[in-house]
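**Q** Below is the structure I would like to discuss, written out as structure tokens.
Structure below.
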């Protein structure tokens, strides 16, 4: 008798403990036009960095050419550096009043960017870093501190 009573409970546990595999085919609804346009695969081709002094004068500028792949699926962003392991993070548009603001999060690390331009083929983000040190690649002890680091990210859509 006990076995007959346990059988329905086991079935219930099996069906309720299934993972969200059924959700893999669903597409997150776009929260904005920018969100819809950004979905898919992009290549980050360049980051331009400009550092400003307390007097709003340019202290230092440089740019770096990249070929890093960014893949947006409506919820997750997969970033793949050539020859590297893909890194997955979440992204969202946290401010309904400003849909140009995108937030990336991996664990406790968060970053906010402003989408300043987007088309079918190109996208540009701007990131502001108060009190950023430069040059970027230098050890912390050798960096000069700016009032503001302004980073411009350029992307092209992959075919």
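Numbering (mature numbering (1 follows the signal peptide of the UniProt record, and there is no 0)), first residue to last: -19 to -1, 1 to 140. Even glycine gets a Cβ: it sits at the ideal position worked out from N, Cα and C.
(1) For a minimum of 4 consecutive residues, which ranges assigned as the alpha helix (DSSP H) are wholly contained in the stretch 9 to 33?
(2) In terms of alpha-carbon separation, which member of 121, 133, 26 and 72 lies closest to residue 63?
(3) Would you kindly work out how many angstroms separate the C-alpha atoms of residue 89 and residue 100, rounded to a whole number?
(4) Give me the Cα-Cα distance between residue 45 and residue 107, rounded to the nearest whole angstrom.
(5) If you draw a straight line from the alpha carbon of residue 37 to that of residue 111, how long is it in whole angstroms?
(6) Three or more C-beta pairs under 8 Å: does that hold for the stretch 15 to 30 against the stretch 46 to 65?
(7) Report buried or exposed for residue 95, applying the criterion of at least 16 other Cβ atoms within 10 angstroms of its Cβ.
(8) Measure the C-alpha to C-alpha separation of residue 114 and residue 84 and round it to an integer number of angstroms.
(9) Exposed or buried, which one is residue 57 when buried takes at least 16 other CB atoms within 10 Å?
(10) Do residue 128 and residue 35 come within 8 Å of each other at the CB atom, strictly closer than that value?
(11) Under a Cβ-count criterion, where at least 16 other Cβ atoms within 10 Å of its own Cβ denotes burial, should residue 79 be classed as buried or exposed?
(12) As an exercise, report each continuous beta strand (DSSP E) stretch of at least 3 residues that is fully enclosed by the stretch 45 to 98, in chain order.
(13) Kindly indicate which residue of 43, 42, 54 and 118 has the alpha-carbon position closest to the one of residue 73.
(14) Check residue 108 in the structure and name its three-state DSSP category.
**A** Based on what the coordinates show:
(1) 14 to 19
(2) 26
(3) 31 Å
(4) 15 Å
(5) One C-alpha to the other measures close to 12 Å.
(6) yes
(7) Counting the other CB atoms within 10 Å of its CB gives residue 95 a total below 16, which places it among the exposed residues.
(8) Rounded to whole angstroms, the gap between the alpha carbons of residue 114 and residue 84 is 22 Å.
(9) Looking at its Cβ environment, which holds fewer than 16 other Cβ atoms inside 10 Å, residue 57 is exposed.
(10) yes
(11) exposed
(12) 57 to 61, 68 to 73 and 82 to 87
(13) 54
(14) strand
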